[in-house]
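Peer 1: When we follow UniProt numbering, the leftmost residue of the sequence shown carries the number 1, and every step to the right adds one. Backbone N, C-alpha and C fix where the C-beta goes; we use that ideal spot for every residue, glycine too. Please read all numbers here as calculations on a predicted model, not as lab measurements. Before we start, here is the structure in question, set down as structure tokens.
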Amino acid sequence: MKSVAGKTIVITGSSRGVGADTAKILAGEGANVVVNYRQKAPRANKVVKEIEEAGGKAIAVGADLTDQDSVKAMFDQAVEAFGAVDGVILNASGGMESGMGEDYAMRLNRDAQNDALSVALNYLTDGGRVVFVTSHQAHFIREVETMEAYVDVATSKRAGEDQLTSRVPEMTEQGVDFVVVSGDMIEGTVTATLLNRAQPGALEARREAAGKLLSVNEFAQEIAKMVTADVATGHIELAGGSGDFPADGGAPQPVG
């Protein structure tokens, strides 16, 4: 693994949860971190304060991934603060929110991710890397049934993964690598909480099926590693999970 010291990493959706922990981990390793948020500036500023108090470097930048001009402004601020952008972690996702429109999951998890990549490629340095964060329930949605409340999100996130993966040749031409990090249901995340609320007992059932679910910090550690891991472009890193996911060696079985 290469060092991230001195590198600038933009992390979407990093004002809380997995994104926030990933930001703290990378900053602790010497990276300059851009903590992105959509609406909750105080929460993002708190993450930045914690990073700075620990001796790291970070800035909080508000940007809505569904607004391409907003995303461009975020990258402009990253360059203004740190001089360049060396990596992007596409962590922000959603689709279970109410009142956002029927197509919101696809607009955010596919279209906005694709647009964010288009913007990022105008800024990333040669040798940079894009990391797309997803879930096993989304990555394996074609082989393994998931919970009804998560189907739209899973389908849209898989569509986003496929769209970004199709652009690997374009990224390669620009000297940029692409890596996917997929995790099982994560203890303590908003998504897990919402799913358990929509389908009581879902979290406990998934925990029992998997044997153990990763914590927020454990999954963040896996994501942080993939920023500099010596893997080929297009690599898919599976974090956590059990034999009911095909790539883990087991036959497909319903998880919900």
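State the start and end residues of the unbroken alpha helix (DSSP H) segment that holds V216.
Peer 2: Translated into the one-based positions of the sequence shown, residue 216 becomes position 216. Its alpha helix (DSSP H) spans residues 216 to 226.
Peer 1: Could you pull the DSSP bridge partners for E237 from this structure?
Peer 2: Residue numbering aside, residue 237 sits at position 237 when the sequence shown is read from its first letter. V181.
Peer 1: Using DSSP's beta-bridge definition, name the partner residues of R167.
Peer 2: Numbered from 1 along the sequence shown, position 167 holds the residue referred to as residue 167. None; R167 has no bridge partner.
Peer 1: What are the uninterrupted segments assigned as beta strand (DSSP E) that are 3 or more residues long and contained completely in the segment 74 to 109, given in chain order?
Peer 2: As far as the segment 74 to 109 is concerned, its whole beta strand (DSSP E) runs of at least 3 residues are 85 to 90.
Peer 1: Decide yes or no for the touch test of the segment 105 to 115 against the segment 171 to 189: beta carbon pairs closer than 8 Å, at least 3 of them.
Peer 2: The answer is no - the segment 171 to 189 does not touch the segment 105 to 115, with fewer than three Cβ pairs under 8 Å.
Peer 1: Name, in chain order, the residues that DSSP records as bridge partners for L124.
Peer 2: Residue 124 sits at position 124 when you count from the first residue of the sequence shown. Paired residue(s): V85.
Peer 1: With which residues is Y150 paired in a DSSP beta bridge?
Peer 2: Mapped onto the sequence shown, residue 150 falls at position 150. Per DSSP, none; premise fails for Y150.
Peer 1: State the start and end residues of the unbroken alpha helix (DSSP H) segment that holds I59.
Peer 2: Within the sequence shown, numbered from 1, the residue matching residue 59 stands at position 59. Per DSSP, I59 belongs to no alpha helix (DSSP H); it is in the beta strand (DSSP E), 57 to 62.
Peer 1: Mapping the DSSP letters down to three states, classify R16 as helix, strand or coil.
Peer 2: Taking the first residue of the sequence shown as 1, we reach residue 16 at position 16. Three-state DSSP puts R16 in coil, outside helix and strand.
Peer 1: Taking S14 as the reference, which of A5, A27, E237, S3 has the closest Cα?
Peer 2: To locate residue 14, count along the sequence shown from 1; it is residue 14. It is A27.
Peer 1: Tell me the DSSP secondary structure of S3 in three-state form.
Peer 2: Within the sequence shown, the letter at position 3 stands for residue 3. Here S3 sits in coil by DSSP.
Peer 1: Rounding to the nearest angstrom, what Cα-Cα distance links E208 and N196 in this structure?
Peer 2: Along the sequence shown, one-based indexing puts residue 208 at 208. Along the sequence shown, one-based indexing puts residue 196 at 196. Those two C-alpha atoms are separated by around 14 Å.
Peer 1: Within a Cβ cutoff of 7 Å, which residues of the same chain sit near residue 258, ignoring the five residues on either side of it in sequence?
Peer 2: No statement about residue 258 is possible, as the shown extent of the chain runs from 1 to 256 and does not include it.
Peer 1: Count Cβ pairs between the segment 55 to 62 and the segment 200 to 219 that sit closer than 8 Å; are there 3 or more?
Peer 2: No, they do not touch.
Peer 1: So if DSSP puts T134 in a beta bridge, which residue, or which two residues, is it bridged to?
Peer 2: Position 134 of the sequence shown holds residue 134. DSSP output for T134 lists S182 as bridge partner(s).
Peer 1: If you pair each beta-carbon of the segment 120 to 131 with each one of the segment 40 to 58, do three or more pairs fall below 8 Å?
Peer 2: Counting Cβ pairs under 8 Å, fewer than three are found: no touch.
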